[in-house]
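Below is one structure, written out as structure tokens, with a few remarks after it.
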Amino acid sequence: MAKQMSVISFTGKLGNLIGYKRNGQYFLRSMPESVRQTTATRRASRRFGIASRKGAFIRHAFYSHLDIHCDGAHINRLNKLLIAAGDHHEAITGFRFNQHTGVDRFFPVAPRLFPNGILNIPAQTIAGYKGIAALEVKVIATRIDFTSRQVTGSETITLMIDPATTFQETNVSLDVPGEGSLVVVFQVRALYKDGPSGNRQYMAAEIIAVAAPQVPKYAKKRAYPKRTRLLPNLTYTRAYPAIIQLE
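Residues in the sequence shown are numbered consecutively from 1098, following the working numbering.
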């Protein structure tokens, strides 16, 4: 491994050299003369390739909606989760786009997604921080068909919360049509009087739920929270982006 010291740095192949970036710095390594793969290494390489493509698909499904900076290791962290998860996509629940801060820093009682599409945010006392005037909460609900590699529906809902008051229980209706799993990201940004904080300790974006496609069942229905309106003291906005397909 050699560090690139030139004015112009690069990533990718250049002759028999490979340039790559790690932790904000550029390095070089030489290409191996030959690569011998066993059955196990070929299988591992295939799993990594599938997880890498799926990870890129998931990330790009949310990038345009996120208002925070992702940490430099988020790509590798998500790929690692997907390799271990296989087809069990629920395993990515809890993934943080910014590993330095989780939703629990602001909401000690975690939001819950019910099968009827209601995101329940329980009543709780939100921790206050010096100079923070408000919290901006953004719920990003995206319907992802992992088989066809399509984002079939998406919806964003934004709430403005006063951290000086006790937060009352709120139910958010996530009505996202389309085929595939429903992936929900809960983003929180701390706001000063003059705008959002740029401190990574005050911004969180976390996958809080992955709901697999529902198979119709003719059984007795369970009772879940009703689709109630949001509290009048919350600023509430909803957006419906167009359906997109990723390569």
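Every residue gets a Cβ at the ideal spot worked out from N, C-alpha and C, and that includes glycine.
Computed from a prediction, not measured in an experiment: that's the story for all the values here.
query                                                                                                                           : result
Less than 8 Å between the CB atoms is what I'm expecting for residue 1124 and residue 1100, so what's the real figure, rounded? : 6 Å
By the DSSP assignment, the alpha helix (DSSP H) with residue 1177 in it spans what residues?                                   : 1171-1182
Assign residue 1241 to one of three DSSP states: helix, strand, or coil.                                                        : strand
Out of 1183, 1129, 1184 and 1220, which has the shortest C-alpha to C-alpha gap to residue 1110?                                : 1129
How many angstroms separate the CA atom of residue 1257 from the CA atom of residue 1199?                                       : 18 Å
Could you say which of 1197, 1271 and 1119 lies nearest to residue 1168 if we only look at CA atoms?                            : 1197
Which of helix, strand or coil does DSSP assign to residue 1089?                                                                : An answer regarding residue 1089 cannot be provided, because it is not within the stretch 1098 to 1344 covered by the chain.
Should residue 1103 be labelled buried (16 or more other beta-carbon atoms within 10 Å of its own) or exposed?                  : exposed
In this structure, does DSSP put residue 1145 in helix, strand or coil?                                                         : helix
Kindly indicate which three-state DSSP category residue 1112 falls into: helix, strand or coil?                                 : coil
Alpha carbon to alpha carbon, how far is residue 1263 from residue 1230?                                                        : 14 Å
So, do the segment 1133-1144 and the segment 1153-1166 have three or more beta carbon pairs nearer to each other than 8 Å?      : no
Compare the C-alpha of residue 1166 against each of 1211, 1222, 1301 and 1269 and name the closest.                             : 1301
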